[in-house]
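Student:
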Amino acid sequence: MLHNLPSILTNPPGRRLGHQALILNRDGAILLVGTAYKSGLMMPGGSAEQNELPHLAARRHIETETGLVLPLRRILATDYVDAQLLPEGVNFVYWGGRLTPAQETTVARHRPPHTITGVHWLHQAQLRDAMDTEQHRRTVEALDALARGAHLPFLLRGIPAE
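Under our numbering, the first residue of the sequence shown carries the number -14, and numbering increases by one thereafter.
1. With a 10 Å radius around its C-beta and 16 neighbouring C-beta atoms as the bar for buried, classify Leu16 as buried or exposed.
2. Determine the extent of the alpha helix (DSSP H) in which Val54 is found, giving its start and end residues.
3. Relative to the C-alpha of Thr102, which candidate in His40, Leu7, Thr51 has its C-alpha closest?
4. In the DSSP assignment, find the alpha helix (DSSP H) that holds Gln88 and state where it starts and stops.
5. Have a look at Thr91 and Glu48 and give me their C-alpha separation to the nearest angstrom.
6. Have a look at Gly25 and Leu(-10) and give me their C-alpha separation to the nearest angstrom.
7. Using alpha carbons as the reference points, say which of Leu38, Thr20, Leu61 lies closest to Ala6.
8. Taking the continuous beta strand (DSSP E) assigned at Leu7, which residues delimit it?
9. Write down the C-beta distance between Leu140 and Val75 rounded to the nearest angstrom, noting that I regard them as a contact closer than 8 Å.
10. Helix, strand or coil for Arg83? Go by DSSP, reduced to three states.
Below is the structure:
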(Lines of atoms letter the chains of each structure in order from A and count residues from 1; the text may use other names and numbers.)
(Lines give C-alpha, C1' and ligand atoms only; values in the text may rest on other atoms or scores of the structure.)
Protein backbone atom coordinates (compact mmCIF):
# COMPACT_ATOMS: atom_id res chain seq x y z
CA MET A 1 0.00 0.00 0.00
CA LEU A 2 1.25 3.50 -0.83
CA HIS A 3 1.20 6.16 1.87
CA ASN A 4 1.70 9.92 1.89
CA LEU A 5 2.09 10.31 -1.84
CA PRO A 6 3.04 13.76 -3.14
CA SER A 7 0.13 15.66 -4.67
CA ILE A 8 1.76 15.54 -8.14
CA LEU A 9 1.10 11.78 -8.07
CA THR A 10 -2.42 11.92 -6.66
CA ASN A 11 -3.55 14.97 -8.66
CA PRO A 12 -1.36 15.10 -11.80
CA PRO A 13 -1.72 17.89 -14.36
CA GLY A 14 -3.98 17.27 -17.34
CA ARG A 15 -2.11 16.41 -20.52
CA ARG A 16 -3.21 15.33 -23.95
CA LEU A 17 -1.76 12.06 -25.19
CA GLY A 18 -1.58 11.86 -28.97
CA HIS A 19 -0.86 8.72 -30.93
CA GLN A 20 0.11 8.73 -34.60
CA ALA A 21 1.65 6.18 -36.93
CA LEU A 22 4.24 6.43 -39.65
CA ILE A 23 2.92 4.24 -42.47
CA LEU A 24 4.66 3.77 -45.82
CA ASN A 25 3.52 2.28 -49.10
CA ARG A 26 5.64 0.04 -51.33
CA ASP A 27 7.23 3.09 -53.00
CA GLY A 28 8.22 4.72 -49.69
CA ALA A 29 5.47 7.37 -49.76
CA ILE A 30 4.03 8.37 -46.39
CA LEU A 31 0.34 8.02 -45.57
CA LEU A 32 -1.10 11.35 -44.40
CA VAL A 33 -4.59 12.60 -43.67
CA GLY A 34 -6.22 16.00 -43.89
CA THR A 35 -8.74 16.98 -41.25
CA ALA A 36 -11.60 19.45 -41.09
CA TYR A 37 -10.30 20.90 -37.82
CA LYS A 38 -6.60 21.52 -38.53
CA SER A 39 -4.67 23.00 -41.43
CA GLY A 40 -2.02 20.89 -43.12
CA LEU A 41 -1.71 17.15 -43.43
CA MET A 42 -0.68 14.84 -40.60
CA MET A 43 0.08 11.22 -39.92
CA PRO A 44 -3.06 9.26 -39.06
CA GLY A 45 -3.91 8.96 -35.39
CA GLY A 46 -5.45 10.91 -32.56
CA SER A 47 -5.90 11.33 -28.83
CA ALA A 48 -6.46 8.61 -26.29
CA GLU A 49 -9.62 8.57 -24.21
CA GLN A 50 -9.67 8.09 -20.44
CA ASN A 51 -8.30 4.62 -19.53
CA GLU A 52 -7.71 3.69 -23.18
CA LEU A 53 -4.49 1.80 -23.83
CA PRO A 54 -2.19 4.03 -25.91
CA HIS A 55 -1.57 1.68 -28.82
CA LEU A 56 -5.28 0.85 -28.99
CA ALA A 57 -6.08 4.57 -29.21
CA ALA A 58 -3.73 4.83 -32.18
CA ARG A 59 -5.16 1.68 -33.74
CA ARG A 60 -8.74 2.94 -33.31
CA HIS A 61 -8.01 6.28 -34.97
CA ILE A 62 -6.01 4.71 -37.80
CA GLU A 63 -8.79 2.22 -38.55
CA THR A 64 -11.42 4.99 -38.54
CA GLU A 65 -9.35 7.26 -40.77
CA THR A 66 -7.84 4.73 -43.20
CA GLY A 67 -9.55 1.35 -42.76
CA LEU A 68 -6.27 -0.26 -41.67
CA VAL A 69 -5.83 -2.39 -38.56
CA LEU A 70 -2.11 -2.45 -37.79
CA PRO A 71 0.04 -3.91 -35.03
CA LEU A 72 1.74 -1.00 -33.28
CA ARG A 73 4.59 -2.37 -31.19
CA ARG A 74 7.43 0.11 -31.72
CA ILE A 75 7.69 3.81 -31.01
CA LEU A 76 9.84 5.84 -33.40
CA ALA A 77 9.51 9.24 -31.72
CA THR A 78 7.92 11.13 -28.86
CA ASP A 79 7.15 14.82 -29.09
CA TYR A 80 6.24 17.18 -26.25
CA VAL A 81 3.95 20.08 -27.21
CA ASP A 82 3.57 22.97 -24.78
CA ALA A 83 0.22 24.53 -23.95
CA GLN A 84 -0.97 27.01 -26.55
CA LEU A 85 -4.54 26.80 -27.86
CA LEU A 86 -4.80 23.29 -26.38
CA PRO A 87 -3.42 21.88 -23.10
CA GLU A 88 0.14 20.60 -23.17
CA GLY A 89 0.59 17.18 -24.68
CA VAL A 90 2.88 14.34 -25.54
CA ASN A 91 2.64 12.69 -28.94
CA PHE A 92 3.87 9.18 -29.66
CA VAL A 93 4.72 8.12 -33.20
CA TYR A 94 4.44 4.37 -33.78
CA TRP A 95 5.86 2.41 -36.68
CA GLY A 96 2.81 1.29 -38.66
CA GLY A 97 4.81 -0.61 -41.27
CA ARG A 98 5.17 -0.77 -45.02
CA LEU A 99 1.83 -1.74 -46.55
CA THR A 100 1.11 -4.67 -48.80
CA PRO A 101 -0.80 -4.15 -52.07
CA ALA A 102 -3.97 -5.45 -50.37
CA GLN A 103 -3.58 -2.92 -47.54
CA GLU A 104 -3.06 -0.09 -50.03
CA THR A 105 -6.32 -1.15 -51.70
CA THR A 106 -8.04 -1.04 -48.30
CA VAL A 107 -6.93 2.58 -47.88
CA ALA A 108 -8.07 3.50 -51.40
CA ARG A 109 -11.54 1.98 -50.89
CA HIS A 110 -12.12 3.18 -47.31
CA ARG A 111 -14.66 5.92 -46.69
CA PRO A 112 -13.43 7.95 -43.70
CA PRO A 113 -15.72 10.05 -41.48
CA HIS A 114 -16.55 13.62 -42.48
CA THR A 115 -13.81 14.98 -40.18
CA ILE A 116 -11.21 13.49 -42.56
CA THR A 117 -11.02 15.64 -45.67
CA GLY A 118 -8.61 13.43 -47.58
CA VAL A 119 -6.06 10.63 -47.49
CA HIS A 120 -2.79 11.30 -49.28
CA TRP A 121 0.48 9.58 -50.14
CA LEU A 122 3.47 11.95 -50.18
CA HIS A 123 7.21 11.45 -50.45
CA GLN A 124 9.52 13.08 -47.94
CA ALA A 125 10.49 15.90 -50.33
CA GLN A 126 6.82 16.96 -50.49
CA LEU A 127 6.16 17.08 -46.74
CA ARG A 128 7.34 20.60 -45.86
CA ASP A 129 4.79 22.25 -48.16
CA ALA A 130 1.91 20.00 -47.07
CA MET A 131 2.29 19.94 -43.27
CA ASP A 132 2.43 22.48 -40.48
CA THR A 133 5.89 22.95 -38.99
CA GLU A 134 5.43 20.79 -35.87
CA GLN A 135 3.84 17.91 -37.79
CA HIS A 136 6.57 18.12 -40.42
CA ARG A 137 9.37 17.99 -37.82
CA ARG A 138 7.72 15.08 -36.00
CA THR A 139 7.33 13.12 -39.24
CA VAL A 140 10.90 13.76 -40.36
CA GLU A 141 12.27 12.69 -36.97
CA ALA A 142 10.23 9.47 -37.14
CA LEU A 143 11.53 8.82 -40.68
CA ASP A 144 15.10 9.41 -39.50
CA ALA A 145 14.64 7.02 -36.57
CA LEU A 146 13.26 4.39 -38.93
CA ALA A 147 16.20 4.82 -41.31
CA ARG A 148 18.67 4.41 -38.40
CA GLY A 149 16.82 1.35 -37.08
CA ALA A 150 16.15 3.22 -33.85
CA HIS A 151 12.97 2.52 -31.94
CA LEU A 152 11.59 1.83 -28.50
CA PRO A 153 9.47 -1.23 -27.82
CA PHE A 154 5.98 -0.37 -26.62
CA LEU A 155 5.41 -2.14 -23.30
CA LEU A 156 2.31 -2.72 -21.18
CA ARG A 157 3.33 -3.28 -17.56
CA GLY A 158 6.75 -4.37 -18.80
CA ILE A 159 5.46 -6.82 -21.44
CA PRO A 160 5.69 -6.11 -25.20
CA ALA A 161 2.30 -5.03 -26.54
CA GLU A 162 0.38 -7.41 -28.78
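Backbone N, C-alpha and C fix where the C-beta goes; we use that ideal spot for every residue, glycine too.
Tutor: Answer, in terms of the structure:
1. Position 31 of the sequence shown, counted from the start, is the residue given in the question as residue 16. Leu16 is buried by the Cβ-count criterion.
2. As a first step, residue 54 must be located in the sequence shown, where it is residue number 69. Careful: Val54 lies outside any alpha helix (DSSP H) and carries neither H nor E.
3. Walking along the sequence shown from the start, residue 102 turns up at place 117. Nearest of His40, Leu7, Thr51 to Thr102, Cα basis: Thr51.
4. Stepping through the sequence shown from its first residue, residue 88 is reached at position 103. Per DSSP, Gln88 belongs to the alpha helix (DSSP H) from 86 to 94.
5. As a working mapping, residue 91 is identified with position 106 in the sequence shown. As a working mapping, residue 48 is identified with position 63 in the sequence shown. So the alpha carbons of these two residues sit roughly 10 Å apart.
6. Here the question's residue 25 lines up with position 40 in the sequence shown. Here the question's residue -10 lines up with position 5 in the sequence shown. Roughly 43 Å between the two C-alpha positions.
7. On the sequence shown, position 21 is the one that residue 6 refers to. Ranking the options by Cα distance to Ala6, first place goes to Leu61.
8. In the sequence shown, residue 7 corresponds to position 22, counting from 1. Leu7 -> beta strand (DSSP E) spans 1 to 9.
9. Reading the sequence shown from its first residue, position 155 is the one you call residue 140. Reading the sequence shown from its first residue, position 90 is the one you call residue 75. So it is not a contact: roughly 16 Å between Cβ atoms.
10. Counted from its first residue, the sequence shown places residue 83 at position 98. Of the three classes helix, strand and coil, the one that applies to Arg83 here is strand, per DSSP.
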